[in-house]
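Position one of the sequence shown corresponds to residue 263 (the working numbering), numbered consecutively onward. Take a look at the structure below.
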Amino acid sequence: MNVFRLAGDMMHLLSIVVLLLKITGIKSCRGISLKTQELYLLVFITRYLDIFTNFVSLYNTVMKLVFLGTSSAIVYYMRYDRIIKLTYDKEQDTFKYLLLVAPSAVLALATSHVYTVLEVLWTFSIYLEAVAIMPQLVLLQRTQNIDNLTGNYVFLLGSYRGLYILNWIYRFFTEKHYRQWLVWTCGVVQTIIYCDFFYYYFLSWQNNEKLALPA
Numbered sequence: 263m264n265v266f267r268l269a270g271d272m273m274h275l276l277s278i279v280v281l282l283l284k285i286t287g288i289k290s291c292r293g294i295s296l297k298t299q300e301l302y303l304l305v306f307i308t309r310y311l312d313i314f315t316n317f318v319s320l321y322n323t324v325m326k327l328v329f330l331g332t333s334s335a336i337v338y339y340m341r342y343d344r345i346i347k348l349t350y351d352k353e354q355d356t357f358k359y360l361l362l363v364a365p366s367a368v369l370a371l372a373t374s375h376v377y378t379v380l381e382v383l384w385t386f387s388i389y390l391e392a393v394a395i396m397p398q399l400v401l402l403q404r405t406q407n408i409d410n411l412t413g414n415y416v417f418l419l420g421s422y423r424g425l426y427i428l429n430w431i432y433r434f435f436t437e438k439h440y441r442q443w444l445v446w447t448c449g450v451v452q453t454i455i456y457c458d459f460f461y462y463y464f465l466s467w468q469n470n471e472k473l474a475l476p477a
């Protein structure tokens, strides 16, 4: 494992820690898209089914369990905690799941390298992760109520993907047969989706202003 992969994993983990601190610490999920959280949970479930059949390393197994467990906890808090669920912006979080899930499923069936259940679901998770943040970004544009924890959560999540791109570049030049065109393409698309958010995040930080996305 190289430093970019490790840093990316830690950014991803830190983003979830920040989100859990917001939800459990101040008992609020205001500004957080439940749709995005459920899409990420679906990504992890479909990607990590191989946890039962393919042992890579203790680190790999632990990280998979952590992401599955924390994502499940976030969705549970937002849906069922009697206090937290009252702060959910349900009226604003209206992005249609089907617009993201259906194309991801069709592309997975059309482009899967091997047609086994695990491989098709893994391919589906790659496509879906690339666009899963979209309901969250749309919600932030609609509400214009972006507190520091929410802004930092999205920033850390985007930084994780940026660091993974550096990881891929590093591996491309250091590993002779390392080629993952599907993963690379989806990763670049995912990073591009974050670009607008990053621009306004750094602008607000530079001007010491509250983060706001243009509607």
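Think of the CB as a built atom: it goes at the ideal place given N, C-alpha and C, for glycine as much as any other residue.
- DSSP places V324 inside the alpha helix (DSSP H), whose first and last residues are L320 to Y342.
- At a Cβ-Cβ threshold of 8 Å, T323 and F329 do not count as neighbours.
- In the DSSP assignment, H274 falls within the alpha helix (DSSP H) that extends over V265 to L282.
- If you draw a straight line from the Cα of F434 to the Cα of Y440, it is about 6 Å long.
- Residue burial is scored here from C-beta neighbours: A392 has at least 16 other C-beta atoms within 10 angstroms and is therefore classed as buried.
- In the pairwise beta carbon analysis, the segment 416-429 is classified as touching the segment 264-276: at least three pairs are separated by under 8 Å.
- In the pairwise beta carbon analysis, the segment 369-384 is classified as not touching the segment 330-338: fewer than three pairs are separated by under 8 Å.
- The segment 391-406 makes contact with the segment 446-463; the number of CB pairs closer than 8 Å reaches 3 or more.
- Going by C-alpha positions, V368 is about 24 Å away from I313.
- The beta-carbon distance between L383 and L283, rounded to whole angstroms, is 31 Å. This is too long to meet the 8 Å contact definition.
- Every unbroken stretch of the alpha helix (DSSP H) spanning 4 or more residues and falling wholly within the segment 394-472 is given here in chain order: 396-405, 410-436 and 443-468.
- For Q299, the secondary structure class from DSSP, reduced to helix, strand or coil, is helix.
- In the structure shown, the three-state DSSP call for G287 is helix.
- Non-local C-beta neighbours of M325 in its own chain, meaning closer than 7 Å and more than five positions away in sequence, comprise D271, ordered along the chain.
- Residue burial annotation: N414 is buried, with at least 16 other C-beta atoms found within 10 angstroms of its C-beta.
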